[in-house]
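Engineer: Numbering (full-length UniProt numbering), first residue to last: 1 to 270. Let me give you the structure first, and then I'll get to my questions.
As structure tokens, then:
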């Protein structure tokens, strides 16, 4: 414990230290902590392994003392040299009965007492008896006499500094911003959907237009091909027709010539 105290002093004089944390430094009794720490207001000795408070120094300005998770079963009278004590945490120790707590009645300013996880808490009407023993007590094991839970130091600080209202305002502004953002996002999504639909329809119209032009071109090509085939057919069919007419004419002329020949022959014969 002595080495830890020197480390925590950090070159400062003992009478300049207001807060001292010696948690987990492991010691069964108080060693190295002297009456020189006259300015000390907060002392923490959590999980040190203390079995006795013998040798506890006189600390005239001490207000908060943390002694939880040790093995203290008695000797609380050694704390009476610190009359300004208002917060005392003895949870997780070996205190078995309420008689052990009698020396604490000397503390006229004791407001917060924690005895959680001590056998003494199993005594019948434990809470009522403790509040009766210490008239100045406001909170026992984290709750007041009406079973209302105590607010944490952090919450008190926030309320004093006005952080609660600022946080609420901040949350409100963030909510409004998020609503506006979501509305803008929805509008953008709607505009995006419309624009995509327009692009899609435009592409479809272009495709249909191209398809129609291709079909018209193909139909014109088909008509041209059919016209050429018909022309060729007529040309091929016209030649036989002309030949037939010529043959008919020849056949018509042949009988006439033959009749003339026969007439001439009869003339000569007559």
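Even glycine gets a Cβ: it sits at the ideal position worked out from N, Cα and C. Everything numeric in this text was worked out from a predicted model, so none of it was measured.
(1) Per DSSP, what kind of secondary structure is residue 8 in: helix, strand or coil?
(2) Mind listing, in chain order, the continuous alpha helix (DSSP H) runs of no fewer than 4 residues lying wholly within the region 64-152?
(3) Please state whether DSSP places residue 15 in a helix, a strand or coil.
(4) So, do the region 80-90 and the region 102-118 have three or more beta carbon pairs nearer to each other than 8 Å?
(5) Tell me, please, which residues DSSP counts as bridged to residue 20.
(6) Assuming residue 29 contacts residue 52 under a Cβ cut-off of 8 Å, what Cβ separation, rounded to an integer in Å, is found between them?
(7) So which of 65, 58, 37, 70 has the shortest CA-CA distance to residue 48?
(8) Measuring only the C-alpha atoms, how far is residue 90 from residue 116?
(9) When we look at the beta-carbon of residue 132 and count the other beta-carbons within 10 Å, is it buried (16 or more) or exposed?
(10) Return yes when the Cβ of residue 40 is within less than 9 Å of the Cβ of residue 19, no when it is not.
(11) Thinking residue 50 and residue 68 are a contact (beta carbons under 8 Å), I'd like their distance in whole angstroms, please.
(12) Under a Cβ-count criterion, where at least 16 other Cβ atoms within 10 Å of its own Cβ denotes burial, should residue 143 be classed as buried or exposed?
(13) Closest to residue 72 by C-alpha separation, out of 126, 11, 123, 46, would be which residue?
(14) If you measure between the beta carbons of residue 283 and residue 137, is that distance less than 9 Å?
(15) Would DSSP call residue 58 helix, strand or coil?
(16) Return the Cβ separation of residue 75 and residue 54 in integer angstroms, given the expectation that the two are a contact with Cβ distance under 8 Å.
(17) May I ask you to report which of helix, strand or coil DSSP gives residue 2?
(18) Thinking C-beta only, is residue 94 closer than 9 Å to residue 124?
(19) I'd like the list of long-range same chain contacts for residue 80, defined as Cβ closer than 7 Å, with 5 residues on each side in sequence excluded.
(20) Can you find the residues in the same chain that come closer than 6 Å, C-beta to C-beta, to residue 92, ignoring five residues on each side of it along the sequence?
(21) Closer than 8 Å by C-beta to residue 174: which residues in its own chain qualify, once you throw out the five before and the five after it? Chain order, please.
(22) So, for residue 22: in the same chain, excluding its five sequence neighbours on each side, which residues have a beta-carbon less than 6 Å away from its beta-carbon?
Structural biologist: According to the structure shown:
(1) On the chain shown, residue 8 is found 8 positions in, with the first residue counted as 1. Residue 8 falls in the helix class under three-state DSSP.
(2) 126-133
(3) In the chain shown, counting from the first residue as 1, residue 15 sits at position 15. Helix.
(4) yes
(5) Numbered from its first residue, the chain shown carries residue 20 at position 20. According to DSSP, which records beta bridges pairwise, residue 20 is partnered with 43.
(6) Residue mapping note: residue 29 aligns to position 29 of the chain shown, counting from 1. Residue mapping note: residue 52 aligns to position 52 of the chain shown, counting from 1. Sure, about 6 Å apart at Cβ, within 8 Å.
(7) Within the chain shown, residue 48 is the residue found at index 48, counting from 1. Selected option, being the one with the closest Cα: 70.
(8) Translated into the one-based positions of the chain shown, residue 90 becomes position 90. Translated into the one-based positions of the chain shown, residue 116 becomes position 116. Straight-line Cα distance between these residues: approximately 8 Å.
(9) Along the chain shown, one-based indexing puts residue 132 at 132. Classification for residue 132: exposed.
(10) By one-based count along the chain shown, residue 19 stands at place 19. By one-based count along the chain shown, residue 40 stands at place 40. Yes, these two residues count as a Cβ contact at 9 Å.
(11) The residue given as residue 50 occupies position 50 in the chain shown. The residue given as residue 68 occupies position 68 in the chain shown. At roughly 11 Å, the Cβ-Cβ gap does not stay under 8 Å, so residue 50 and residue 68 are not in contact.
(12) If you number the chain shown from 1, residue 143 lands on position 143. So residue 143 counts as exposed.
(13) Working through the chain shown from its first residue, we reach residue 72 at position 72. That would be 46, whose Cα lies nearest to the Cα of residue 72.
(14) Limits of the chain in this structure are 1 at one end and 270 at the other, which puts residue 283 out of reach.
(15) Along the chain shown, one-based indexing puts residue 58 at 58. Residue state, collapsed to three classes: coil.
(16) As a working mapping, residue 75 is identified with position 75 in the chain shown. As a working mapping, residue 54 is identified with position 54 in the chain shown. Residue 75 to residue 54, Cβ: 6 Å. Contact.
(17) Counted from its first residue, the chain shown places residue 2 at position 2. If DSSP states are grouped into helix, strand and coil, residue 2 belongs with the helices.
(18) Here residue 124 refers to the residue found at position 124 of the chain shown. Here residue 94 refers to the residue found at position 94 of the chain shown. No, the Cβ-Cβ distance between residue 124 and residue 94 is not below 9 Å.
(19) Here residue 80 corresponds to residue number 80 of the chain shown, with the count starting at 1. So the list reads 103, 106, once near-sequence residues are dropped.
(20) One-based indexing of the chain shown puts residue 92 at position 92. The residues are 68, 69, 117.
(21) As a working mapping, residue 174 is identified with position 174 in the chain shown. Reliability of the predicted coordinates at residue 174 is poor, the pLDDT of 49 falling under 50, and the value obtained from them is presented with this limitation in mind. Result list for residue 174: empty, nothing under 8 Å.
(22) Position 22 of the chain shown, counting from 1, holds the residue named residue 22. Hits under 6 Å: 4, 45.
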